[in-house]
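Numbering (full-length UniProt numbering), first residue to last: 1 to 454.
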């Protein structure tokens, strides 16, 4: 059997180093692709490390300075520096192809990392010291990190950044509402003003007692974010079927009664309106997964795949308490509170790893029912204080009319920003159209009519 060799390309490595020594101005272009670990030959690794070290000290890393530095560091014997580097310089006639050579070196380095990772996965699988779910999750994360290593960002001239910034500032200044949104725009003006949009990398909790409209609010946010930000959104529904969710989205966007839709009682005017408005929904990238009994590991795996295929920026999970905890063979008797704490930390880590906003709908304990008025507090988050600790943003929904039949704020929902790690807390009101499962911004007149309970 023919012996398989480790992937490497010494000629490409030598060409990259030779190009830098011949023209040090090529180094920034090479650094867009490579670091010292990408070189297979140890000597090449040491030469590149020395080049970068000189560059960081504002010393031009040319043929002479690099050879002297290698001799000073005892990497090469005295008098051997120029002798060693000369063949590298002579191997390059032009530096025009340096990026192509760097890509070849990177490709071989990634193949070696993939082999190393695969061997690690095989070794850990044979040891059988962890659960299969944990092994699958870590294996997927390791391979995903290799893929991410290929996507290094290029250098961008400051003048281009300044032009883009000026354009953004000009667009913002022309907006009727002076809103500076740095995250994902939700279309709910007060929410966007308080949070500057849902921030990528944030773990967000939407919580409330039953019948407050948590699922409707999560769906409204997902559809608005997908359409307003031209990005992909994923909805993981552990309670409702994908068909029912699709019906809810349709009713909310078209303002059609869910009951009438399910019974087929649609007027011609509603059918005409549906035909006119379905275009934006059809074009939006919204993905629904209604797999029951999902674990956080399942969600992480699905989200990673979707992120690799689309511009995934937001996931909505409905809801936290229905997620399955991953049982650890080493700790088989963990409490539900410990499992929820672990799930919370994992979802926070997922938001950071994929640089997306993770919105998780959560139930509240019965504690609000014992207060008057029963307005939610952070201590009401059910099953674990870790949720409050891990969340970057906690949003409570409260509808007074669910507790008081004679409420003067019927059809209105109070949205409470109870925690915001990098911004202010506060509250505001939205209109709630229960028939359509839809939240809307209030008009100025409606805002003035709201009577807040003292």
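Just so you know, even glycine gets a beta-carbon here, dropped at the ideal spot from N, CA and C.
Source: prediction; values computed, not measured.
I'd like the span of the beta strand (DSSP E) that includes residue 279, first residue to last.
Start at 1 with the first residue of the chain shown, and residue 279 comes out as number 279. Here residue 279 belongs to no beta strand (DSSP E); instead the alpha helix (DSSP H) covers 268–283.
Once DSSP output is grouped into helix, strand and coil, what is the label at residue 438?
Translated into positions along the chain shown, residue 438 becomes position 438. When secondary structure is reduced to three states using DSSP, residue 438 falls in the strand class.
Please report the distance separating the alpha-carbon of residue 100 from that of residue 280.
Start at 1 with the first residue of the chain shown, and residue 100 comes out as number 100. Start at 1 with the first residue of the chain shown, and residue 280 comes out as number 280. Rounded to whole angstroms, the gap between the alpha carbons of residue 100 and residue 280 is 41 Å.
Since residue 251 is in the alpha helix (DSSP H), which residue starts that stretch and which ends it?
As a position in the chain shown, residue 251 is number 251, starting the count at 1. Here the alpha helix (DSSP H) through residue 251 covers 242–254.
C-alpha gap between residue 224 and residue 421, whole angstroms:
If you number the chain shown from 1, residue 224 lands on position 224. If you number the chain shown from 1, residue 421 lands on position 421. Approximately 23 Å between the Cα atoms of the pair.
Under 8 Å Cβ to Cβ from residue 402, same chain only, skipping five residues before and after it: list those, please.
In the chain shown, residue 402 corresponds to position 402, counting from 1. For residue 402, where only same-chain residues beyond five positions count, the Cβ hits under 8 Å are 209, 211 and 212.
Would you kindly work out how many angstroms separate the C-alpha atoms of residue 440 and residue 134, rounded to a whole number?
Translated into positions along the chain shown, residue 440 becomes position 440. Translated into positions along the chain shown, residue 134 becomes position 134. Taking the straight line from one Cα to the other gives about 42 Å.
In terms of DSSP beta bridges, what is residue 232 paired with?
By 1-based counting over the chain shown, the position of residue 232 is 232. Under DSSP, residue 232 forms a beta bridge with 285 and 312.
Assigned exposure category for residue 355 - 16 Cβ within 10 Å defines buried
As a first step, residue 355 must be located in the chain shown, where it is residue number 355. Exposed, because fewer than 16 other Cβ atoms sit within 10 Å of the Cβ of residue 355.
One question on the structure: do residue 219 and residue 244 come within less than 8 Å of each other, judged by their Cβ atoms?
In the chain shown, residue 219 corresponds to position 219, counting from 1. In the chain shown, residue 244 corresponds to position 244, counting from 1. Using a Cβ distance threshold of 8 Å, residue 219 and residue 244 do not count as a contacting pair.
Using DSSP with H/G/I as helix, E/B as strand and the rest coil, what is residue 237?
Numbered from its first residue, the chain shown carries residue 237 at position 237. In the structure shown, the three-state DSSP call for residue 237 is strand.
In chain order, each alpha helix (DSSP H) run of at least 4 residues that lies wholly inside the stretch 25–52:
Here the runs fully enclosed are 27–31.
Got a sec? Which residues, its chain only, sit under 7 Å from residue 27 by beta carbon, not counting five neighbours each side?
As a first step, residue 27 must be located in the chain shown, where it is residue number 27. Taken in chain order, the residues that qualify are 20, 51, 55 and 61.
Mind checking who residue 318 pairs with in its DSSP beta bridge?
Residue numbering aside, residue 318 sits at position 318 when the chain shown is read from its first letter. 237 and 361.
Sub-8 Å separation of residue 312 and residue 222 beta-carbons
Position 312 of the chain shown, counted from the start, is the residue given in the question as residue 312. Position 222 of the chain shown, counted from the start, is the residue given in the question as residue 222. Taking 8 Å as the Cβ cut-off, residue 312 and residue 222 do not qualify as a contacting pair.
With distance defined between alpha-carbon atoms, name the residue in 294, 196, 119 and 90 nearest to residue 182.
Locating residue 182 in the chain shown gives position 182, where the first residue counts as 1. Minimum Cα-Cα distance from residue 182 among the listed residues 294, 196, 119 and 90 corresponds to 196.
Given this structure, state the Cα-to-Cα distance separating residue 447 from residue 429, to the nearest angstrom.
Mapped onto the chain shown, residue 447 falls at position 447. Mapped onto the chain shown, residue 429 falls at position 429. Each residue's CA atom was taken as its position, placing residue 447 and residue 429 some 8 Å apart.
Proximity below 8 Å, CB of residue 317 to CB of residue 286
In the chain shown, counting from the first residue as 1, residue 317 sits at position 317. In the chain shown, counting from the first residue as 1, residue 286 sits at position 286. No. Outside cutoff.
Leaving out five residues before and five after residue 67 in sequence, what residues of the same chain have Cβ atoms less than 6 Å from its Cβ?
Along the chain shown, read from residue 1 onward, the residue named residue 67 stands at position 67. So the qualifying residues of the chain are 81, 82 and 85.
Residue 269 burial status per 10 Å Cβ neighbour count (16 or more: buried)
For this step, residue 269 is matched to residue 269 along the chain shown. Sixteen is the threshold: since fewer than 16 other Cβ atoms of the shown chains lie within 10 Å of the Cβ of residue 269, the residue is exposed.
Contact between the stretch 106–113 and the stretch 34–42: three or more CB pairs below 8 Å?
The stretch 106–113, when compared against the stretch 34–42, does touch it at the 8 Å Cβ threshold.
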